[in-house]
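Residue numbers (this note's numbering), protein chains in the order written: chain A, 1 to 137; chain B, 1 to 71. Here a beta-carbon is modelled for each residue, glycine too, at the ideal position from N, C-alpha and C.
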Amino acid sequence: MQTETTPKTERRWMYTGYAATIVWGISLIVARLALDKELQLEPTSLRVAAALLPVLPTAVFIWFFVARVRGLDELHRRVHLEALVIAYPLAILLLVTLGFLQMAIDLSPEDWSYRHVWVYLPFFYFLGLVISWRRYR
Amino acid sequence: MKNRLRVLRAERDWTQADLAERLEVSRQTVNAVETEKYEPSLSLAFKIARLFGGPIEDIFQDNENNRSARP
Numbered sequence: 001m002q003t004e005t006t007p008k009t010e011r012r013w014m015y016t017g018y019a020a021t022i023v024w025g026i027s028l029i030v031a032r033l034a035l036d037k038e039l040q041l042e043p044t045s046l047r048v049a050a051a052l053l054p055v056l057p058t059a060v061f062i063w064f065f066v067a068r069v070r071g072l073d074e075l076h077r078r079v080h081l082e083a084l085v086i087a088y089p090l091a092i093l094l095l096v097t098l099g100f101l102q103m104a105i106d107l108s109p110e111d112w113s114y115r116h117v118w119v120y121l122p123f124f125y126f127l128g129l130v131i132s133w134r135r136y137r
Numbered sequence: 001m002k003n004r005l006r007v008l009r010a011e012r013d014w015t016q017a018d019l020a021e022r023l024e025v026s027r028q029t030v031n032a033v034e035t036e037k038y039e040p041s042l043s044l045a046f047k048i049a050r051l052f053g054g055p056i057e058d059i060f061q062d063n064e065n066n067r068s069a070r071p
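Rendered as structure tokens:
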């Protein structure tokens with residue numbers, strides 16, 4: 001069931017979402033720059049802190065995203081569910097395939113580490129959304 | 001499942017957006033129900049029936065029932 005929203009609360013939600021997304025993006029960039037090998041950030045605890053920097057903004061972003069999906073009507077919620085149903089096995093397939101390839105050949109961590117692979121996951125979700133929407137349009 | 005939503009809406013001269021607003025769903029949802037690409041939940045079906053002032057079975061017809069009703 002769709003939650004009741006007024007234009008004012010809708011705007012507030014939208015701004016909160018934009019703010020959460022921007023803070024999340026900035027935290028990713030800051031963490032990436034702080035962990036650059038050239039920078040040689042010391043001590044190690046500072047590097048760990050930089051690596052964990054995006055965790056809290058990501059949690060806020062996820063909270064916002066879940067709240068938004070809950071506020072959608074039933075068809076849109078189904079589309080998001082189907083997108084997950086497509087994206088999740090694709091993510092498993094990617095990780096399993098990379099795992100096997102790692103056993104077969106030496107995959108360079110410069111190309112195939114976690115920080116490279118995560119980008120595929122939102123892409124799979126987006127792909128799932130496109131596939132699911134095509135079914136209902 | 002077949003439905004008469006498009007006919008009922010046209011009788012009232014409502015656009016899909018008008019109906020969507022009355023049902024508190026998106027226009028895409030109304031379109032998907034009308035084109036029978038999406039079967040609404042029971043609660044939405046009841047809401048539609050209430051809006052058009054009739055029983056659910058006057059708006060939505062189960063394909064199985066249609067088959068068995070034929071001679």
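| said: Suppose contacts are defined by Cβ-Cβ distances below 9 angstroms. Is Leu98 (chain A) in contact with Leu107 (chain A) by that definition? | reply: The residue given as residue 98 (chain A) occupies position 98 in the first sequence. The residue given as residue 107 (chain A) occupies position 107 in the first sequence. Against a cut-off of 9 angstroms, the Cβ pair of Leu107 (chain A) and Leu98 (chain A) comes out as a contact.
| Leu8 (chain B) to Trp13 (chain A), Cα distance in whole Å? | As a first step, residue 8 (chain B) is located in the second sequence; it is residue number 8 there, counting from the start. As a first step, residue 13 (chain A) is located in the first sequence; it is residue number 13 there, counting from the start. Looking at the two C-alpha atoms, the distance is approximately 35 angstroms.
| Quick one: is Asp62 (chain B) buried, meaning 16 or more other Cβ sit within 10 Å of its Cβ, or exposed? | Along the second sequence, read from residue 1 onward, the residue named residue 62 (chain B) stands at position 62. Exposed, since its Cβ has fewer than 16 Cβ neighbours within 10 Å.
| query | Quick one: what's Glu2 (chain B) bridged to in DSSP? | reply | Looking up residue 2 (chain B) in the second sequence gives position 2. Just to set this straight, residue 2 (chain B) is Lys in the shown sequence, not Glu. Paired residues: B:Gln61.
| request: Could you spell out where the alpha helix (DSSP H) holding Ser43 (chain B) opens and where it closes? | output: Translated into positions along the second sequence, residue 43 (chain B) becomes position 43. Note, Ser43 (chain B): alpha helix (DSSP H), 42-52.
| field | Contact set for Ala20 (chain A): own chain, Cβ-Cβ below 6 angstroms, skip 5 residues either direction | value | In the first sequence, counting from the first residue as 1, residue 20 (chain A) sits at position 20. Counting only Cβ-Cβ distances below 6 angstroms, and skipping sequence neighbours, we find Val60, Phe61, Phe64.
| message | Excluding the 5 residues flanking Ile56 (chain B) on each side, which residues of the same chain have their C-beta closer than 7 angstroms to its C-beta? | response | The residue you call residue 56 (chain B) lines up with position 56 of the second sequence. Excluding sequence neighbours, Ile56 (chain B) sits near Ala45, Phe46, Ala49.
| message | Below 8 angstroms on the Cβ atoms is my contact criterion, and I expect Leu168 (chain A) with Arg47 (chain A) to pass it. Report the Cβ-Cβ distance as a whole number of Å. | response | The question about residue 168 (chain A) has no answer, for chain A in this structure spans 1 to 137.
| request: Determine the chain B residues that contact Glu74 (chain A) at a beta-carbon separation under 8 angstroms, and present them in chain order. | output: Position 74 of the first sequence, counted from the start, is the residue given in the question as residue 74 (chain A). In chain order: Val25, Thr29, Pro40, Ser41, Leu44.
| query | Starting from Trp63 (chain A) and walking both ways along the alpha helix (DSSP H), at which residues does that stretch end? | reply | Here residue 63 (chain A) refers to the residue found at position 63 when the first sequence is read from its first residue. If you look at Trp63 (chain A), you'll find it in the alpha helix (DSSP H) that goes 55-70.
| message | By the three-class DSSP mapping on this structure, what secondary structure does Tyr120 (chain A) have? | response | Along the first sequence, one-based indexing puts residue 120 (chain A) at 120. Secondary structure of Tyr120 (chain A) (DSSP, three-state): helix.
| message | Just to confirm, is the Cβ distance from Phe126 (chain A) to Leu94 (chain A) under 9 angstroms? | response | Position 126 of the first sequence, counted from the first residue, corresponds to residue 126 (chain A). Position 94 of the first sequence, counted from the first residue, corresponds to residue 94 (chain A). No.
| query | Would Lys2 (chain B) count as contacting chain A if we go by Cβ distances under 9 angstroms? | reply | Along the second sequence, one-based indexing puts residue 2 (chain B) at 2. Taking Cβ atoms only, chain A never reaches closer than 9 angstroms to Lys2 (chain B), which makes this a no.
| Rounded C-alpha distance that separates Leu121 (chain A) from Thr58 (chain A) | For the purposes of this step, residue 121 (chain A) is taken as the residue at position 121 of the first sequence. For the purposes of this step, residue 58 (chain A) is taken as the residue at position 58 of the first sequence. Each residue's alpha carbon lies about 15 angstroms from the other.
| Could you give the distance in angstroms between the alpha-carbon of Arg4 (chain B) and the alpha-carbon of Glu36 (chain B)? | The count along the second sequence starts at 1 and reaches residue 4 (chain B) at position 4. The count along the second sequence starts at 1 and reaches residue 36 (chain B) at position 36. Their backbone Cα atoms lie some 10 angstroms apart in a straight line.
| task | Output, in chain order, the set of chain B residues within a Cβ distance shorter than 8 angstroms of Arg135 (chain A). | result | Residue mapping note: residue 135 (chain A) aligns to position 135 of the first sequence, counting from 1. Those are Lys37, listed as they occur along chain B.
| Per-residue contacts from Ala49 (chain B) into chain A (C-beta, under 8 angstroms) | As a working note, residue 49 (chain B) is residue 49 in the second sequence. Taking a Cβ-Cβ cut-off of 8 angstroms, Ala49 (chain B) has no neighbours in chain A, whose nearest Cβ is about 16 angstroms from it.
| said: Within 9 angstroms of any Cβ in chain B, is that where the Cβ of Arg78 (chain A) sits? | reply: Sequence index remark: in the first sequence, residue 78 (chain A) carries index 78 (1-based). Closer than 9 angstroms to some Cβ of chain B, the Cβ of Arg78 (chain A) qualifies, so yes.
| said: Excluding the 5 residues flanking Arg137 (chain A) on each side, which residues of the same chain have their C-beta closer than 6 angstroms to its C-beta? | reply: Counting from one through the first sequence, the residue named residue 137 (chain A) turns up at place 137. Apart from the 5 residues on each side of it in sequence, Arg137 (chain A) has no Cβ closer than 6 angstroms to any other Cβ in its chain.
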